[in-house]
Amino acid sequence: MDDSEVRIDHPERLCDAIIGILDELEDEAVIDEERAAELRSEIYRSVDTTET
Numbered sequence: 033m034d035d036s037e038v039r040i041d042h043p044e045r046l047c048d049a050i051i052g053i054l055d056e057l058e059d060e061a062v063i064d065e066e067r068a069a070e071l072r073s074e075i076y077r078s079v080d081t082t083e084t
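Numbering-wise (our numbering), the sequence shown opens with residue 33 and increments by one.
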């Protein structure tokens, strides 16, 4: 499959799911609050949630 054909239909759902995982990792003290915040920022920046 060509990379130009790859598309996520609902990027906001993907972000929400990943953020939920980060929240659980933070709650269980697997990652600290600062690292969780950094990862959340990276996720939101890397996934385009704008409507086309």
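Backbone N, C-alpha and C fix where the C-beta goes; we use that ideal spot for every residue, glycine too.
Top-ranked residue by Cα proximity to residue i, from the options
i	options	result
S73	I40, C47, E60	C47
Cβ neighbours of residue i in the same chain (closer than 8 Å, five flanking residues each side left out)
i	result
E65	E58
I63	L54, L57, L71
Contact under 7 Å by Cβ, residue i with residue j
i	j	result
I50	I75	yes
A68	L54	yes
Boundaries (first-last residue) of the alpha helix (DSSP H) holding residue i
i	result
R72	65 to 78
I50	43 to 59
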